[in-house]
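Scroll down for the structure; my scribbles are underneath it.
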């Protein structure tokens, strides 16, 4: 996502010589390529154009909304990758830097993360919420049940209730498995709570390359069956919409048991 401040560039972007000035033109090229591919493959596959709206800090709310207002954009995914303006999933050093801003504990950082999550949901009302408990990844106990922290769990439930009220989809993200976690995002307790609230789930591999497409989907299907999820949901375009314009997206359900994940690669 295009950012507006130099300090928000990731180390790999700085090493590559990227600047803030390059990001918006690159985003525009991405949208144009999406439209081109949508026209080329019309009738064969359905291509939705979206982006990940990263809640770096509250000042990014208007930035994300402006990007979403582009008529070529079908939807955006709301996410939190930063706490106190510091990335919490890039590497352990940055995670510890963010943690030190509070009282130095994972508990406080998790509380702050889910406060940011709630603020993002209130401001942006995203159609899809990404990797809801990403904060687990580099923590001291990434596979810990968040219900063991009463204060954190209260903030988790607060956001889950808001997602349901807003009609959003909660992404079940398989990337946690390739990064070594025992469960996808969100973890089991969160999925069960969201399910009990009547929430709707969607599926993502969060792929950053062809090799990661569909990675660990068979494991995710087994996980969801064990949790008790029977239905997944996805967004789709109207076939009559022009290729360069997004109008009304339709929400469609599919029974989990009808999905075949056989043949998808796995890190297990």
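In the numbering used here, the protein residues as written are 58 to 325. Yeah, the Cβ is synthetic: ideal placement off N, Cα and C, and Gly gets one too.
Residue 274 versus residue 322: straight-line alpha-carbon distance, rounded:
The C-alpha of residue 274 lies about 8 Å from the C-alpha of residue 322.
Minimum C-alpha distance to residue 177 - residue among 265, 111 and 302
Considering only alpha carbons, the answer is 111.
Buried versus exposed call for residue 270 [16 or more other C-beta atoms within 10 Å across all chains shown]:
With fewer than 16 Cβ atoms within 10 Å of its Cβ, residue 270 is classed as exposed.
For residue 182, which residues of its own chain have a beta-carbon under 6 Å away from its beta-carbon, when the five flanking residues on both sides are left out?
Taken in chain order, the residues that qualify are 223.
Could you tell me whether the Cβ atoms of residue 214 and residue 169 are closer together than 8 Å?
With contacts defined by Cβ atoms closer than 8 Å, residue 214 and residue 169 do not form a contacting pair.
Skipping 5 residues on each side, what residues in its chain have a beta carbon closer than 7 Å to that of residue 142?
So the list reads 113 and 114, once near-sequence residues are dropped.
Report the start-end ranges of each alpha helix (DSSP H) in the region 93-168 that is 4 residues or longer and not cut off at the edges.
Note on the region 93-168: whole alpha helix (DSSP H) runs with a minimum of 4 residues are 117-125 and 149-158, in chain order.
Taking a contact to mean a Cβ-Cβ separation below 8 Å, would you say residue 88 touches residue 102 in this structure?
Not closer than 8 Å, so no.
Could you tell me whether the region 92-100 touches the region 66-74, where touching means 3 or more Cβ pairs closer than 8 Å?
No, the region 92-100 does not touch the region 66-74.
Classify residue 319: buried if its beta carbon has 16 or more other beta carbons within 10 angstroms, exposed otherwise.
Exposed, since its Cβ has fewer than 16 Cβ neighbours within 10 Å.
Collapsed DSSP secondary structure at residue 210 in the structure displayed
Residue 210: helix per DSSP, three-state reduction.
Best match in 67, 58 and 65 for proximity to residue 80 [C-alpha to C-alpha]:
From the listed residues 67, 58 and 65, the smallest Cα separation to residue 80 is found for 58.
Residue 253 to residue 309 span [Cα, whole Å]
If you take the alpha carbons of residue 253 and residue 309, they lie about 20 Å apart.
Can you tell me the Cβ-Cβ gap for residue 187 and residue 136, rounded? I've got them flagged as a contact below 8 Å.
About 4 Å separates the CB atoms of residue 187 and residue 136; that is less than 8 Å, so the two are in contact.
Can you name the residues that DSSP bridges to residue 257?
Residue pairing for residue 257: DSSP places it in a beta bridge opposite 226.
Mapping the DSSP letters down to three states, classify residue 309 as helix, strand or coil.
Under the three-state reduction of DSSP, residue 309 is assigned to strand.
What are the start and end residues of the beta strand (DSSP E) that includes residue 67?
Run containing residue 67: none; DSSP gives neither H nor E here.
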